[in-house]
Each structure stands twice: as C-alpha cells, then as structure tokens.
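Novice: Residue numbers (our numbering): 279 to 439.
Yeah, the Cβ is synthetic: ideal placement off N, Cα and C, and Gly gets one too.
What follows is a single structure, and I will ask about it in a moment.
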C-alpha cells in the first residue's frame, strides 16, 4: 500500500494506492462532509458509566428519586451522550488519528434511558490542520445535545502545501 498526492479539479487529494491493480481511492476531509451513528443507552450502560466516573447522581440511577424531579424518570449523563460524538469523530470522520481539541456543547433536552439517539457531525470549516465541526445528538425531532467542536485532523486528511 502506498500514498500519493494527486490533483482533482485543482484540489490536492491524498490517494491510497493498493498493492493490487484496484483503483486508487482518494480521501480528504471537506466542508459539508457528514457522518453519524445511532445508539440506545441501557440502564446498565448508565450504571457502568456512573461506576467508571464516580458520577452517581441519583437523577441518572434512581427511578424513585427521578420521579421527584421534572424529568420523572432517570436520564442519561450528558457526557455519555457527548461520547457518541467522540465515537463519530474518532471512527468515521475525520477518523483514526484525529485529536479532539475543543468543544462547546449544550443540552437543550434530556435523553431518557432506552431512547435511540442519532449522533451527527458536519464539517463547517477547515483551517490548516484543524476541522471545525457542528455536532448534534437527537431523538426524532428532539435535540438532546448540540454544539461545535474543533479537531486536529490526522495527517492523511490534511492538505499539504
């Protein structure tokens, strides 16, 4: 396997050439590129996260306590929801080797245990080796997390001057 730079429509592209005669595939992160994944967190997922982090807030773990709040039932930790964005960025786009540098996020609505959440990311801007990405997590039309992140792209995704 080897890498080479080529130009398509005056835009440099990093191309991966296979050892076999298969056609080369080019990869370069671009504005507008999107990636997503879905997951439903179980009560066991939430309990394990609480055990790993020490965040044992009863709002996440105790149905009796949660009934006394405006949420009425346990909710998923916000940082656990945010972990889905880390998974999208680290495994799908930009993918392997990217480094999460900065984030600004909001949680406009709760995510309840068992709800299937869609985590989405869209590249908004690229500057040198950094990608600025809009992120959202939603259940149908309900947004449970939104914000912006900045990542350092893996070297094979960066434009070379």
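Let me check one thing: in DSSP terms, what residues is residue 414 bridge-paired to?
Specialist: Residue 414 is bridged to 398 and 424.
Novice: Evaluate residue 352 with the Cβ neighbour count: other Cβ atoms within 10 Å of its Cβ, from every protein chain shown; 16 or more gives buried, anything less gives exposed.
Specialist: Residue 352 should be labelled buried.
Novice: Which same chain residues, not among the five before or five after residue 337, have their C-beta less than 8 Å away from its C-beta?
Specialist: Closer than 8 Å at Cβ, skipping near neighbours: 343, 344, 347, 349, 352 and 353.
Novice: Counting Cβ pairs, one atom from each stretch, are 3 or more of them under 8 Å apart for the region 414 to 425 and the region 375 to 389?
Specialist: Because the criterion of three Cβ pairs below 8 Å is met, the region 414 to 425 and the region 375 to 389 touch.
Novice: Check each candidate in 339, 398, 416 and 432 and name the one with the smallest Cα separation from residue 320.
Specialist: For the residues 339, 398, 416 and 432, the minimum Cα distance to residue 320 belongs to 339.
Novice: In whole angstroms, what separates the C-alpha of residue 371 from that of residue 411?
Specialist: The alpha-carbon atoms of residue 371 and residue 411 are separated by roughly 10 Å.
Novice: Helix, strand or coil: how does DSSP classify residue 334 here?
Specialist: Reduced to three states, the DSSP call for residue 334 is coil.
Novice: Where DSSP assigns a beta bridge to residue 313, which residues make up the other side?
Specialist: Note: residue 313 sits in a beta bridge opposite 399.
Novice: Give me the residue from 310, 311 and 317 with the minimum Cα distance to residue 365.
Specialist: Selected option, being the one with the closest Cα: 317.
Novice: Taking C-alpha atoms, which residue in 377, 357 and 400 lies nearest to residue 327?
Specialist: Closest option to residue 327, Cα to Cα, is 357.
Novice: Indicate the three-state DSSP secondary structure (helix, strand or coil) for residue 365 in the structure shown.
Specialist: It is helical.
Novice: Quick one, are the C-beta atoms of residue 307 and residue 391 less than 8 Å apart?
Specialist: Taking 8 Å as the Cβ cut-off, residue 307 and residue 391 do not qualify as a contacting pair.
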